[in-house]
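Number of protein chains: 2
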Amino acid sequence: MRVVVIGGGAAGASAAARARRLAPDAEVTLVEATGMITHAPCGIPYALSGLVPSYRMLRTYSPERFASERRIEVLTNAVAEDVDVDGRTVAVRRDGSVQRIRWDALVLATGARPIVPKLEGVEDVRPLTFRHPEEVTAASARLGSARRVAVIGGGYIGVELTEALVDLGKEVILFEMMDRLLPGPFDPEVSKVLEEAMKAAGVQVRLSEPVRYLSRKGGRVVVGTDGSEEEVDDVVVGIGVRPNIELAVKAGIKLGHTGAVETDDMMSTNVDGVFAAGDLVEKFHLVLRRKVWIPLAPAANKEGQVAGANAVVRGSLRMRGIVGTAVTRFKDLYLARTGLGQEEAARNGLDVESTAIVARTKAGYFPGGVEVTVKMVAERSSGKVLGVQVVGRDPIVAAYADLSAVMVERGMTIEDVFFSDIGYMPATAPVWHPLIVAARTLSKGRF
Amino acid sequence: MRVVVIGGGAAGASAAARARRLAPDAEVTLVEATGMITHAPCGIPYALSGLVPSYRMLRTYSPERFASERRIEVLTNAVAEDVDVDGRTVAVRRDGSVQRIRWDALVLATGARPIVPKLEGVEDVRPLTFRHPEEVTAASARLGSARRVAVIGGGYIGVELTEALVDLGKEVILFEMMDRLLPGPFDPEVSKVLEEAMKAAGVQVRLSEPVRYLSRKGGRVVVGTDGSEEEVDDVVVGIGVRPNIELAVKAGIKLGHTGAVETDDMMSTNVDGVFAAGDLVEKFHLVLRRKVWIPLAPAANKEGQVAGANAVVRGSLRMRGIVGTAVTRFKDLYLARTGLGQEEAARNGLDVESTAIVARTKAGYFPGGVEVTVKMVAERSSGKVLGVQVVGRDPIVAAYADLSAVMVERGMTIEDVFFSDIGYMPATAPVWHPLIVAARTLSKGRF
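Residue numbers (our numbering), protein chains in the order written: chain A, 2 to 448; chain B, 2 to 448.
(1) Who are the neighbours of PRO184(A) on chain B, taking C-beta pairs under 9 Å?
(2) Any idea which residues DSSP pairs GLU40(B) with across the strands?
(3) Considering TYR214(A), what are the terminal residues of the beta strand (DSSP E) in which it resides?
(4) Which residue's Cα is closest to the Cα of GLY393(B): GLU190(B), GLY305(B), GLU33(B), ILE174(B)?
(5) Residues in its own chain within less than 8 Å of THR138(A) by CB, not counting five upstream and five downstream?
(6) Determine the direct distance from the alpha carbon of VAL288(A) to that of GLY424(A), and round the result to whole angstroms.
(7) Kindly indicate the opening and closing residues of the beta strand (DSSP E) around MET199(A).
(8) DSSP three-state label for ILE423(A), please.
(9) Based on the DSSP output, what are the partners of TYR335(A) in its beta bridges?
(10) Using the DSSP secondary-structure output, state which residues sit across from HIS286(B) in a beta bridge.
(11) Quick one, which residues of the segment 388-413 of chain B are near chain A if we go by CB-CB under 7 Å, in chain order?
(12) Grab the span of the alpha helix (DSSP H) containing PRO46(B) for me, first residue to last.
(13) If contact means a Cβ-Cβ distance below 7 Å, which residues of the segment 314-333 of chain A contact chain B?
(14) Whose C-beta lies closer than 8 Å to the C-beta of GLY260(B) among residues of the same chain, with five residues either side of it excluded?
(15) Compile a chain-ordered list of the residues in the segment 162-174 of chain A whose CB is closer than 7 Å to at least one CB of chain C.
(16) Can you tell me where the beta strand (DSSP E) holding ALA106(B) begins and where it ends?
(17) Which residue from VAL126(A), VAL167(A), PRO186(A), VAL212(A) puts its Cα closest to that of ILE153(A)?
(18) Among residues of its own chain, excluding the 5 on either side of ALA27(A), which ones have a beta-carbon nearer than 8 Å to its beta-carbon?
(19) In chain A, which residues lie less than 8 Å from GLY13(B) when you measure between Cβ atoms?
(20) Decide if the segment 104-124 of chain B is in contact with the segment 276-287 of chain B; the criterion is three or more beta carbon pairs, one per stretch, under 8 Å apart.
(21) In the structure shown, what three-state DSSP assignment does THR226(A) receive?
(22) At a Cβ threshold of 8 Å, is TYR62(A) touching chain B?
(23) How should ASN311(B) be labelled, buried or exposed, when 16 other C-beta atoms within 10 angstroms of its C-beta is the threshold for buried?
(24) Verify whether the separation of the beta carbon atoms of GLY340(B) and SER444(B) is less than 8 Å.
(25) Against chain B, does VAL194(A) count as a neighbour if the rule is that its beta carbon must be under 8 Å from one of theirs?
(26) I'd like to know whether the C-beta of PRO211(B) is nearer than 8 Å to at least one C-beta of chain A.
(27) For SER141(B), which residues from the same chain have a beta carbon less than 8 Å from its beta carbon, with the 5 sequence-adjacent residues on both sides left out?
(28) Going by other Cβ atoms of all chains shown within 10 Å of its Cβ, with 16 needed for buried, is VAL386(B) buried or exposed?
(29) Let me make sure I understand the geometry here. Which of LEU144(B), SER229(B), TYR157(B), GLU232(B) has the alpha-carbon closest to that of LEU169(B)?
(30) Grouping DSSP H, G and I as helix and E and B as strand, with all else coil, what is ALA27(B)?
(31) Grab me the residues of GLU161(A)'s own chain with a C-beta within less than 7 Å of its C-beta, minus the 5 sequence neighbours each way, in chain order.
(32) SER383(A) touches chain B at which residues, Cβ-Cβ below 8 Å?
(33) Is DSSP giving VAL272(A) helix, strand or coil here?
(34) The alpha helix (DSSP H) that contains ARG348(B), what's its start and end?
(35) What distance in whole Å lies between the Cβ atoms of LEU215(A) and VAL123(A), which are believed to be in contact at a cut-off of 8 Å?
(36) Here's a check: name, in chain order, each residue in its chain whose Cβ is nearer than 6 Å to the Cβ of ASP333(B), leaving out the five neighbours to either side.
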């Protein structure tokens, strides 16, 4: 039995490790286009800012260690160019020559790549994008002398890169085409808290201002919007990613309505023996009850496990859905969310009620507590909690979102939340936990 | 309609407020034996140590504000002496005279009181106990000149009082009769971490050493165990509490097998029109499927709400069970738990598997993460998570226990935990959350 995995990130490495574990006699090959595997793109902003001293730390295993500990053949700087699904081979280019590798099961884990907007002047200016830790060194050198930097995109990536640039002492202008920051995952009450924190840190936040063109001017770059031009030293694009589907499409793998690869819950594609996992594939949203494309590491890791398991023992593990749990931060302000936001619920035709409350993270009399804003969205008819967003200057908000994620997954109502046996001590939580306060507010006096 | 609530702590104040809210025309009277209501006994150690500047901060409302904002008659320094369930009155002593107050619904929320062990010499030495914030002033004065203090009891109260005494610069000897700290709620792996932290802070931890006698010697106190005597300046007892059932027993209220008051899920006692809530009553344990007595504030608050609601609108709210979620700390070491421990599960005849793993709270490369120990207990046959214990130098461990509490309440299996959509970003969690790592370990390679 030969298992070949294309892509050495979270999903691919998980798939290879799982296949090896379940099939000790299988030959497992991991093909990675760069020099790193098990790399963590989420850490890039912190390697860029220097908070994490080297981009090399943004990986769990060296290729050599992964290979020897797991008995997996790891091919780095190896680009999978073509898949022959009938002959069950994959063509891999490495060191200038192409090798055909045979497989009985193939796992595609080619991930996602940054979206570069089709702007006038973009090919000339070549704004920085980030997806792989190896890009940090060149980017750091290029940004070294820049004093004033434009960031295009106020989503997760744009926000996190802005933190890095502020920490590097740059003057940052952040352009977001929508009327608020993080417009997809968060509702306005939460976006507003972030906007204020960014402004307080000196960031020029330019909302409702889509960038229309870039142009070079002397050694600088002009960023043009509908109403204005700004001269900056460099431009960073962080408007999101799209699935890396080229290899899959060439192989005849079916895409879903989101444009990402469609799989079943064993991570099987439409082609027998070919699995896919990670940012490349669609995920099933447990609240919306349909496929979505939300490319985040935890699901990628689990899909990798599921793909790797089924590649060697069909039916041994089945992927569940997601609820869109996500966390970000800007300096000491943390933002976390799960389930559906109010606007997202409305867009999907759901009749919801919501509340946004402010509560402390510790007992009122206990030092060190901070105020957090909790927005909770519940289905009007059933009282089911559909989503929660939390923002505040403590990483604990991520844990509130985790707790909410399980509540949303399990279909808990606001009354279930009220009665859940959440713990208390003055140094860790108020006796009425912020999530319980939100649920009580939604009950309108019923409890 | 007249509602009388006896006891102004968490449960009583919640009951009074809820009755008022649901029955705007009712007369509601809150009878409290001390001068404070809505007081927070959990904060006592921190008022004693000075971390919280005054014991007066350990309350949510002044009696006057509670009375005026809620339109509730608040009688402080008023002791309920006797209940006449046929005549529907309660005798309340206040300012030297006794008044009979009529009620249509009565809520007993008399709480719990510290256990004073029946030791030789205990009446002479009168060791300090703590239950009410008002006790802090006298205790601080008495402890002022003490250099060396013995604490009897290594449960929650003993541990938290030890922190206070250490913070006050005292030399502390902690006596625990069992062979480890927190022997009820935690398993040995977790107790051991606490023991090491206490020793590192200079605490003499004396395990398996029940105190047998106390005696005065000059201005000091001798603490005698089976094998040794220690001379100290004062003694603090923190071995736990028992329910304050005297008034209930006099009124003919039925007790359950735990010795606390038995109620149904509306918090009704066996006597029509009499409700009970808080530390006085038994709670239904959702894993053990039987009544237990675990007196903690979150359940007390909710029971108060339920009792107050049903006192005025019968059937309007029903209490759910608990899973024994609890949190404590010693200085910067936090300990949290939910569900059943391994020993507790075994005592209850459950066939379980368990694991204790060590994991980091943030991505490996991210600064500021700490190692936490997670112990997870699952039912062998079903894979259901029955309990989780977490210990580490970050208050986030409490949030892990909260998340686990919901998982245990909802009957989630280790596979459900693995697939739950817990969030990730390097500054708030590793991509494999410590709870997922524990669940994976228990799966023995299945995922």
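We treat Cβ as the ideally placed atom computed from N, Cα and C, and that holds for glycine.
In short, the structure shows the following:
(1) What PRO184(A) touches in chain B: nothing, since even the nearest Cβ is about 19 Å away.
(2) Checking the sequence shown, residue 40(B) turns out to be His, not Glu. Paired residues: ARG60(B).
(3) Following the DSSP letters along the chain, one finds TYR214(A) inside the beta strand (DSSP E) bounded by residues 212-218.
(4) Out of GLU190(B), GLY305(B), GLU33(B), ILE174(B), GLU190(B) has the C-alpha closest to the C-alpha of GLY393(B).
(5) Shown here for THR138(A): same chain residues with a beta carbon closer than 8 Å to its own, the five before and five after excluded, namely TYR56 in chain order.
(6) GLY424(A) and VAL288(A) have their C-alpha atoms spaced approximately 27 Å apart.
(7) Note, MET199(A): premise wrong, no beta strand (DSSP E); alpha helix (DSSP H) at 189-201.
(8) Coil at ILE423(A), not helix or strand.
(9) TYR335(A) is bridged to ARG330(A), GLY393(A).
(10) Per DSSP, ARG291(B), ILE323(B).
(11) So the list reads PRO396, ILE397, ALA399, ALA400, ALA402, ASP403, LEU404, ALA406, VAL407, MET408, GLU410, ARG411, given in the order they occur along the chain.
(12) Here the alpha helix (DSSP H) through PRO46(B) covers 45-50.
(13) Identification of residues in the segment 314-333 of chain A having a C-beta nearer than 7 Å to some C-beta of chain B yields LEU318, ARG321, ILE323, VAL324, THR326, ALA327, VAL328, THR329, ARG330, given in sequence order.
(14) Sequence-distant Cβ neighbours of GLY260(B) in its own chain, meaning closer than 8 Å and more than five residues away, are ARG243, PRO244, ILE246, TRP294.
(15) This model lacks chain C altogether; the protein chains it does include are A and B.
(16) Counted as a single uninterrupted DSSP element, the beta strand (DSSP E) harbouring ALA106(B) occupies residues 106-109.
(17) Out of VAL126(A), VAL167(A), PRO186(A), VAL212(A), VAL212(A) has the C-alpha closest to the C-alpha of ILE153(A).
(18) Contacts found: MET2, ARG3, VAL4, ALA20, ARG21, VAL313.
(19) Those do not exist, as GLY13(B) stays about 14 Å from chain A at its closest Cβ, beyond 8 Å.
(20) Between the segment 104-124 of chain B and the segment 276-287 of chain B, the count of Cβ pairs shorter than 8 Å is three or higher; the stretches touch.
(21) In the displayed model, THR226(A) falls within a strand according to three-state DSSP.
(22) Contacts with chain B at 8 Å (Cβ-Cβ) do not include TYR62(A).
(23) Buried, because 16 or more other Cβ atoms sit within 10 Å of the Cβ of ASN311(B).
(24) No Cβ-Cβ contact shorter than 8 Å links GLY340(B) with SER444(B).
(25) Chain B contact via Cβ: absent.
(26) With 8 Å as the cut-off, PRO211(B) does not count as an interface residue toward chain A.
(27) Cβ neighbours of SER141(B) beyond the five flanking positions: LEU49.
(28) Result: buried.
(29) The residue with the shortest Cα to Cα distance from LEU169(B) is LEU144(B).
(30) ALA27(B) sits in coil when the DSSP states are folded into three classes, being neither helix nor strand.
(31) Once the five neighbours on either side are set aside, the close Cβ partners of GLU161(A) are PRO46, THR329.
(32) Under the 8 Å cutoff, chain B gives no residues; its nearest Cβ is about 17 Å from SER383(A).
(33) In this structure, VAL272(A) counts as coil in the three-state DSSP scheme.
(34) For ARG348(B), the enclosing alpha helix (DSSP H) starts and ends at 343-348.
(35) About 6 Å; that satisfies the 8 Å criterion.
(36) Within its own chain, the residues whose Cβ lies closer than 6 Å to the Cβ of ASP333(B), once the five positions on either side in sequence are excluded, are ARG394, listed in chain order.
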